[in-house]
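In the order they appear, the protein sequences are chains A and B.
The first sequence finishes on residue 609 if you use the working numbering, and the numbering steps up by one all the way, no holes.
The second sequence finishes on residue 401 if you use the working numbering, and the numbering steps up by one all the way, no holes.
Ideal Cβ placement from N, Cα and C applies to all residues, glycine included.
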Amino acid sequence: MDNLKAYLKKRDAIRAQEVPRLTLFCCGGTSCLSSDSDAIIDLLRGKVEAHGLEADIEVKQVGCLRLCGEGPLIFVEPDDITYVKVKVEDVDDIFTQHILNKQTVERLLVTEPDGTWVTSYREMPFYKSQHRIALRNCGEIDPRNIDAYIAKDGYHALAKCLLEQTPEDVIETVKQSGLRGRGGGGFSTGLKWAYTAAVKSDEKYVICNADEGDPGAFMDRSIIEGDPHSLVEAMTIAAYAIGSNQGYIYIRAEYAISIEPLELALEKAREYGFLGENIFGTSFSFDIDIKLGAGAFVCGEETALIRSMEGHRGEPDKKPPFPSESGFRDRPTSVNNVETFVNVPAIILNGAEWFAAIGTENSKGTKVFALAGNIKNIGLVEVPMGTTFKEIIYDIGGGHPEGKAIKGVQIGGPSGGVITRDYFDTPIDYDSLTAIGAMMGSGGMIVMDEDTDMVEIAKFYLDFTQEESCGKCTPCRIGTKRLFEMLERLTAMKGEPSDLDKLDALARNIQAGSLCGLGQSAPNPVLSTMQYFREEYEAYAYRTKRTKYQVDAQKCIGCTKCARVCPVSCIRGVVREVHIVEEADCIACGACYDACPVDAILKP
Amino acid sequence: MKNKILDMSSLDRNLLDQLDAYVASLEGDNEENLIHVLHRAQALFGHLPHNLQLYVARMLNLSGAKVNGVVTFYSFFNEEPTGKYVVSVCMGTACFVKGADKVLQKILELIGTEKNAMSEDGLFTVKDVRCIGACGLAPVVTINDKVYGKVQVGDVESLINRYKGGQ
Numbered sequence: 006m007d008n009l010k011a012y013l014k015k016r017d018a019i020r021a022q023e024v025p026r027l028t029l030f031c032c033g034g035t036s037c038l039s040s041d042s043d044a045i046i047d048l049l050r051g052k053v054e055a056h057g058l059e060a061d062i063e064v065k066q067v068g069c070l071r072l073c074g075e076g077p078l079i080f081v082e083p084d085d086i087t088y089v090k091v092k093v094e095d096v097d098d099i100f101t102q103h104i105l106n107k108q109t110v111e112r113l114l115v116t117e118p119d120g121t122w123v124t125s126y127r128e129m130p131f132y133k134s135q136h137r138i139a140l141r142n143c144g145e146i147d148p149r150n151i152d153a154y155i156a157k158d159g160y161h162a163l164a165k166c167l168l169e170q171t172p173e174d175v176i177e178t179v180k181q182s183g184l185r186g187r188g189g190g191g192f193s194t195g196l197k198w199a200y201t202a203a204v205k206s207d208e209k210y211v212i213c214n215a216d217e218g219d220p221g222a223f224m225d226r227s228i229i230e231g232d233p234h235s236l237v238e239a240m241t242i243a244a245y246a247i248g249s250n251q252g253y254i255y256i257r258a259e260y261a262i263s264i265e266p267l268e269l270a271l272e273k274a275r276e277y278g279f280l281g282e283n284i285f286g287t288s289f290s291f292d293i294d295i296k297l298g299a300g301a302f303v304c305g306e307e308t309a310l311i312r313s314m315e316g317h318r319g320e321p322d323k324k325p326p327f328p329s330e331s332g333f334r335d336r337p338t339s340v341n342n343v344e345t346f347v348n349v350p351a352i353i354l355n356g357a358e359w360f361a362a363i364g365t366e367n368s369k370g371t372k373v374f375a376l377a378g379n380i381k382n383i384g385l386v387e388v389p390m391g392t393t394f395k396e397i398i399y400d401i402g403g404g405h406p407e408g409k410a411i412k413g414v415q416i417g418g419p420s421g422g423v424i425t426r427d428y429f430d431t432p433i434d435y436d437s438l439t440a441i442g443a444m445m446g447s448g449g450m451i452v453m454d455e456d457t458d459m460v461e462i463a464k465f466y467l468d469f470t471q472e473e474s475c476g477k478c479t480p481c482r483i484g485t486k487r488l489f490e491m492l493e494r495l496t497a498m499k500g501e502p503s504d505l506d507k508l509d510a511l512a513r514n515i516q517a518g519s520l521c522g523l524g525q526s527a528p529n530p531v532l533s534t535m536q537y538f539r540e541e542y543e544a545y546a547y548r549t550k551r552t553k554y555q556v557d558a559q560k561c562i563g564c565t566k567c568a569r570v571c572p573v574s575c576i577r578g579v580v581r582e583v584h585i586v587e588e589a590d591c592i593a594c595g596a597c598y599d600a601c602p603v604d605a606i607l608k609p
Numbered sequence: 235m236k237n238k239i240l241d242m243s244s245l246d247r248n249l250l251d252q253l254d255a256y257v258a259s260l261e262g263d264n265e266e267n268l269i270h271v272l273h274r275a276q277a278l279f280g281h282l283p284h285n286l287q288l289y290v291a292r293m294l295n296l297s298g299a300k301v302n303g304v305v306t307f308y309s310f311f312n313e314e315p316t317g318k319y320v321v322s323v324c325m326g327t328a329c330f331v332k333g334a335d336k337v338l339q340k341i342l343e344l345i346g347t348e349k350n351a352m353s354e355d356g357l358f359t360v361k362d363v364r365c366i367g368a369c370g371l372a373p374v375v376t377i378n379d380k381v382y383g384k385v386q387v388g389d390v391e392s393l394i395n396r397y398k399g400g401q
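Listed below in structure tokens is the structure:
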């Protein structure tokens with residue numbers, strides 16, 4: 006393929022080969038695979054083969070279908086039927102009832118609270134409000150099949166860049182689109198490429214940061230597993246733009262399962278001539294290798310990532326010089342994250358104006374969030390920038406699974422902050438998040454209900470950062486440790502009111518004095534919870550926090566249920582009289598709370 | 235002590251040969267390859283004792299201190315042996331807010347060991363791990379490569395008992 010026509014011919018030939026037939030899109034995302042979706046797929050394929058139906062029915066393993074909490078998921082097209090929570094035992098029914106007898110297996114549909122069934126994902130609010138750019142192919146195509154990607158216009162953008170545009174044109178388009186880094190910082194991708202392109206050097210590098218380290222975030226891995234060729238194509242476009250011949254994907258070793266489809270994608274891309282020497286018959290050559298991380302959160306920081314790629318401890322360097330000037334092997338290097346990259350082919354094909362029309366004034370396009378925690382619909386959500394928390398939590402997320410009040414949402418991982426209900430109308434973009442003390446981060450969004458203890462949450466994050474601090478600079482190494490210890494003292498009811506001021510002062514010193522983004526943002530979870538939930542800190546500091554369960558004498562009907570389930574027998578009372586918890590013996594297990602039929606147990 | 239670290243005779247020659255072959259297949263700079271070599275070494279030997287680290291250092295012409303510095307920096311590398319079953323409790327935020335800490339406590343209690351230490355019978359090592367990206371299944375426990383989702387404190391005993399017999 007050395008001209009655009011040849012590419013289009015190839016693409017159209019692949020499309021022509023695709024015969025419309027009954028297709029079962031089976032989710033092969035991490036959550037679903039862990040719930041035996043691979044066994045379900047094997048069984049379904051076995052049955053199709055046994056009945057000689059291979060020509061009429063395709064069982065397709067695709068990437069993440071996004072509604073992870075309801076997995077394993079199967080979408081049946083063109084019947085427009087969505088099955089959820091499918092188990093190995095259900096395979097018989099799906100095959101016999103649906104495939105052979107054309108009858109929907111109703112018990113595997115999503116059931117609404119009023120008992121009605123939702124037959125298709127297209128009707129579900131979770132899917133309706135989403136707008137997919139980064140996840141455009143995820144769940145649609147077989148990630149192991151390069152032809153499936155080409156049929157979806159895959160490598161068309163690369164052909165367009167190499168054959169019709171100069172590197173300057175490409176950079177200009179990306180700049181004009183307003184695409185900003187999706188990994189946390191939010192720096193303009195076009196500018197980053199322009200800086201790297203401007204430096205003269207014998208070698209330059211394109212690096213994909215796939216070290217998705219935020220706890221509670223899984224969008225990058227879903228993209229890599231569900232649509233690896235988009236990443237390969239985008240990195241190749243970046244390489245052309247900045248003048249690089251070698252790229253690397255730095256991926257967490259914990260994501261072993263993602264590495265295999267990625268390696269396969271690289272191999273196929275080489276075979277088809279999308280990687281290697283003289284791509285599309287031009288003088289441009291480029292290849293990509295995989296570099297394994299080994300479990301260090303700080304390696305998400307670009308200078309630390311580069312150190313780790315060079316085989317060192319992943320300690321960050323001071324900036325400047327920025328990697329665009331002197332990065333991997335001291336050469337100009339552009340580091341971008343997975344989600345940022347995969348937007349690029351769509352921008353090249355649809356134009357900068359198309360992308361810039363989506364989102365808000367300074368944050369263009371969409372953002373993928375990993376929605377998890379105390380929420381009904383757990384999964385991946387891609388929405389235009391500027392969507393409010395309310396829309397994501399209630400419209401898409403479906404609110405709390407048991408209808409409890411939602412207290413706040415944590416966004417941005419260990420570097421981000423907690424946002425309260427009062428701010429749920431805030432449109433989510435880079436600037437408005439910074440203004441309310443949070444940050445975009447990579448896109449983890451953890452919903453917390455009224456039972457969540459915010460001081461415990463801050464302690465949880467500090468435990469994480471103090472352990473992940475690389476130790477290079479003192480404010481972060483010792484500061485986060487002391488911050489964690491102060492929170493431990495508070496939650497053990499051994500704190501003092503004066504601790505609150507000390508916490509605040511230390512947090513601000515760590516912010517101001519740390520070398521890299523990890524340290525500078527490490528106190529955010531403490532500062533944001535202190536700002537919005539100060540009364541919870543005060544309850545610990547003044548030691549007024551109740552830690553034991555109590556019985557509400559007004560409500561108790563004396564049914565004895567609580568006393569019977571108490572594992573330490575610390576609830577006293579006789580039938581039809583008000584019961585009492587012996588607080589000295591209470592271990593706060595919550596068994597009585599769950600057992601009480603009239604909500605008479607008060608939580609600590 | 236010095237001799238013990240330098241003594242490589244306790245390392246399985248067959249596994250070392252496999253490691254040698256892997257290193258010989260690598261191209262490029264020794265230092266840049268170090269992390270990949272350590273991954274392979276750990277996959278072969280199960281953990282990275284000091285004498286093995288020194289072996290790697292000698293092979294790549296790096297200092298033992300350099301190799302040890304890298305091994306101890308990254309949480310994926312273990313210097314201590316691990317049990318036959320590595321029980322990992324995900325401590326990602328999604329799992330944490332759904333009670334993963336209580337699940338971890340219960341597992342430690344049942345196995346009667348401390349976090350990150352091998353149980354006396356050599357069967358288990360219990361660890362807390364960072365997010366494994368299966369948040370839809372929170373709280374998540376993995377035992378070797380098998381993932382168990384939505385694990386409640388009440389489920390732990392039967393789960394661990396399945397492995398206690400050594401299977």
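- Pairing Val390(B) with Lys361(B), the inter-Cα distance amounts to about 15 Å.
- Between the stretch 484-504 of chain A and the stretch 358-376 of chain B there are fewer than three C-beta pairs closer than 8 Å, too few to call the two in contact.
- Our two residues, Glu344(A) and Ser263(A), have alpha carbons roughly 15 Å apart in a direct line.
- DSSP places Tyr598(A) inside the alpha helix (DSSP H), whose first and last residues are 596-600.
- Asn312(B) and Gln287(B) do not touch by the CB rule: their CB atoms are close to 11 Å apart, not below 8 Å.
- Residues of chain B whose Cβ lies closer than 8 Å to the Cβ of Asn379(A) are, in chain order, Val331, Lys332.
- Between Gly364(A) and Gly370(A), the CB-CB gap stays under 8 Å.
- Scanning Asp254(B), Arg396(B), Phe310(B) for the CA closest to the CA of Ala291(B) turns up Asp254(B).
- Non-local C-beta neighbours of Val337(B) in its own chain, meaning closer than 7 Å and more than five positions away in sequence, comprise Val323, Pro373, Val375, Val385, Val387, Val390, ordered along the chain.
- Of all residues in the stretch 366-387 of chain B, those with a C-beta nearer than 7 Å to a C-beta of chain A are Ile366, Gly367, Ala368, Cys369, Gly370, Leu371, Ala372, Val381, Gly383, reading in chain order.
- In the DSSP annotation of this structure, the continuous segment of the beta strand (DSSP E) that includes Ala377(A) starts and ends at 371-378.
- Among the bridge pairs identified by DSSP, Leu607(A) is matched with Gln555(A).
- The beta carbon of Arg274(B) does not come within 8 Å of any beta carbon belonging to chain A, so the residue lies off that interface.
- Three or more Cβ pairs closer than 8 Å define a contact, and the stretch 241-255 of chain A meets that threshold against the stretch 195-215 of chain A.
- Between Gly300(A) and Ser309(B) a beta carbon distance of about 4 Å is seen, short of the 8 Å cut, so the two are scored as contacting.
- The Cβ atoms of Leu29(A) and Val64(A) sit closer than 8 Å to each other.
- Scanning chain A for C-beta atoms nearer than 8 Å to the C-beta of Val257(B) yields nothing, as the closest lies near 13 Å away.
- For Ile416(A), the enclosing beta strand (DSSP E) has its first and last residue at 411-416.
- Secondary structure note for Pro389(A): it is in no alpha helix (DSSP H), and the uninterrupted beta strand (DSSP E) holding it is 384-389.
- Counted as a single uninterrupted DSSP element, the stretch harbouring Ile19(A) is not any beta strand (DSSP E) but the alpha helix (DSSP H) occupying residues 9-22.
- The continuous stretches of beta strand (DSSP E) do not include Ser313(A), which lies in the alpha helix (DSSP H) extending over residues 307-314.
- For Ile451(A), the enclosing beta strand (DSSP E) starts and ends at 449-454.
- A distance below 8 Å between beta-carbons, with the five flanking residues on each side excluded, links Thr431(A) to the following residues of its chain, in chain order: Thr393, Phe394, Ile424, Ser437, Leu438, Ile441.
- In the DSSP annotation of this structure, Tyr88(A) is not part of any alpha helix (DSSP H); the continuous beta strand (DSSP E) holding it starts and ends at 86-88.
- In the DSSP assignment, Cys567(A) falls within the alpha helix (DSSP H) that extends over 566-570.
- Of all residues in the stretch 30-46 of chain A, only Thr35, Ser36, Ser39, Ser40 come within less than 7 Å of chain B when Cβ atoms are compared, listed by chain position.
- Each of Gln536(A), Thr178(A), Asp97(A) was checked against the Cα of Ile46(A), and the nearest Cα belongs to Asp97(A).
- Measuring C-alpha to C-alpha distances from Lys477(A) to each of Tyr554(A), Leu354(A), Arg312(A) identifies Arg312(A) as the nearest.
- Chain A places no beta carbon closer than 8 Å to that of Arg247(B), leaving this residue out of the contacts.
- The C-alpha of Val81(A) lies about 9 Å from the C-alpha of Ser125(A).
- Using beta-carbon distances, Val323(B) does not count as an interface residue toward chain A, since no partner is under 8 Å.
- By the neighbour-count criterion, in which a residue is buried when 16 or more other Cβ atoms sit within 10 angstroms of its Cβ, Tyr319(B) is buried.
- When C-alpha distances from Gly524(A) are compared across Glu145(A), Glu320(A), Cys481(A), the shortest belongs to Cys481(A).
- Around Ile394(B), the same chain offers Ile341, Leu344, Ile345 as residues with beta carbons nearer than 7 Å, after the five sequence neighbours per side are excluded.
- The Cβ of Gly422(A) sits no closer than 8 Å to any Cβ of chain B.
- Using beta-carbon distances, Ile483(A) does not count as an interface residue toward chain B, since no partner is under 8 Å.
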